[in-house]
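Q: I'd like to ask some things about the structure below.
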Amino acid sequence: MKITDSVFRSFRVARTYRENVQKVNCVDFSPNGESAISSSDDDCIVLYDIREGKPKGTLYSKKYGVDLIRYTHGDPQTVVYSSNKLDDTIRYLSLTDNQYIRYFPGHTARVIALSMSPVDDTFISGSLDETIRIWDLRAPDCQGLTHPLGKPVCSFDPDGLIFAAGVESQAIKLYDLRAFDKGPFASFETRFNRACDWTGLKFSNDGKQILISTNGGMIRVLNAFNGSVLHTFSGYNNSKGISLEACFTPDSQFVMIGSEDGRVHVWSTESGMKVAVLDGKHSGPINTLQFNPRYMTFASACTNMTFWLPCIDDS
1 MKITDSVFRS FRVARTYREN VQKVNCVDFS PNGESAISSS DDDCIVLYDI
51 REGKPKGTLY SKKYGVDLIR YTHGDPQTVV YSSNKLDDTI RYLSLTDNQY
101 IRYFPGHTAR VIALSMSPVD DTFISGSLDE TIRIWDLRAP DCQGLTHPLG
151 KPVCSFDPDG LIFAAGVESQ AIKLYDLRAF DKGPFASFET RFNRACDWTG
201 LKFSNDGKQI LISTNGGMIR VLNAFNGSVL HTFSGYNNSK GISLEACFTP
251 DSQFVMIGSE DGRVHVWSTE SGMKVAVLDG KHSGPINTLQ FNPRYMTFAS
301 ACTNMTFWLP CIDDS
């Protein structure tokens, strides 16, 4: 099924789960789309079976806390995640036996960005220590380090060859993974007309657009090649300056974000028009949301986890 404006407007809540007592800070779908995982401020890691539509287990990270959880490339049974309590080490966890496979120490302040390569075992992390580190799942030592001269959010492009760093909420720097030590090969500044911090950065799946999430009431889509502003989207509630996660749909045709009042706002990246506002009856701000890479479903979360499906009338 192709995602269209009318399909988006038909999305309804399929199931809501109340597995957590504090906010869900991150959700990720496995690359095959059959599983989802969430991390929460109550130190819980909850696993969901998408085909059966139900939770299939809870793991705990009470000592270190858990944030920015990500499935590894090609393996729906392992994840990496950052700490939001004890230290700034990144942890590599087996979901089958709840055992740590490896630790990745090095950052000296909280990790605020974590991005897995879409093609291999590489991943990158950005930290409040104003560094971006490059890692390989097979080795505990940092494989590379760059100082982008400010607080960085970062993300891989869909080919895993380039990564982008949003630095100090004012510039995007593009790095070639194979020559990152030479510094960025491109840099563009983009400033919002109201003060806000950049809280996330994502490429569209076609590699042509970059999405900037903020803790203000606006998000922005840029041309990934020259940094020109394609769209600035606003008109959703975020009066408290919460870090709300935005995302592209897998076809790169839509951008979506949750809001303070529990609604999901959706825009067309082609026309720039808002195409849907979906009410998920969330009890609080939608901190995080993701669209499934394989199936026509997406997840949004406050303290509750909600899965959505389209309701298309075939009659």
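Each residue of the sequence shown is one higher than the one before, counting from 1 in the UniProt record's numbering. The beta carbon of each residue, even a glycine, is placed where N, CA and C say it ideally should be.
Between G258 and K281, is the Cβ-Cβ spacing less than 8 Å?
A: Cβ atoms of G258 and K281: not closer than 8 Å.
Q: Taking the alpha carbon of P285 as the reference point, which residue from G241, W198, A113 has its own alpha carbon closest?
A: Of the listed residues, the one whose Cα sits closest to P285 is G241.
Q: Determine the extent of the alpha helix (DSSP H) in which F8 is found, giving its start and end residues.
A: 5 to 9 is the extent of the alpha helix (DSSP H) around F8.
Q: Taking 8 Å as the threshold (C-beta atoms), are T131 and T146 in contact?
A: Cβ distance < 8 Å, so T146 and T131 count as in contact.
Q: Figure out for me which residue from Y103, Q170, N98, L86 has the closest Cα to the Cα of Y92.
A: When each option's Cα is compared against that of Y92, the closest is Y103.
Q: Check whether the Cβ atoms of S38 and I50 lie closer than 8 Å to each other.
A: Their beta carbons are not under 8 Å apart, which means S38 does not touch I50 by this criterion.
Q: Just mark Q209 as buried or exposed, buried being the case when its beta carbon has 16 or more other beta carbons within 10 Å.
A: Buried: at least 16 other Cβ atoms inside 10 Å.
Q: Is DSSP giving W135 helix, strand or coil here?
A: W135: strand per DSSP, three-state reduction.
Q: Can you tell me whether V176 is helix, strand or coil according to DSSP?
A: The question names Val, but residue 176 is Asp in the sequence shown. Note: D176 maps to strand in three-state DSSP.
Q: Measure from the C-beta of K281 to each C-beta in chain C and report whether the shortest distance is under 8 Å.
A: Of the protein chains in this structure there is only one, and it is not chain C.
Q: So, helix, strand or coil for K182, using DSSP?
A: Residue state, collapsed to three classes: helix.
Q: Quick one, which of K2, V7, G65 has its alpha-carbon nearest Q22's?
A: For Q22, the nearest C-alpha among the options comes from G65.
Q: Using 10 angstroms around the beta-carbon of T303, count the other beta-carbons present and answer buried if the total reaches 16, otherwise exposed.
A: T303 should be labelled buried.
Q: For the candidate residues D43, S127, S234, whose alpha-carbon lies nearest to that of residue 395?
A: This structure cannot speak to residue 395, because the chain is shown only from 1 to 315.
Q: Note down the Cα distance separating F11 from W308, rounded to an integer number of angstroms.
A: Straight-line Cα distance between these residues: approximately 6 Å.
Q: Taking DSSP as the reference, what is the three-state secondary structure of G200?
A: G200: strand per DSSP, three-state reduction.
Q: I need the DSSP call for K274, collapsed to helix, strand or coil.
A: K274 falls in the strand class under three-state DSSP.
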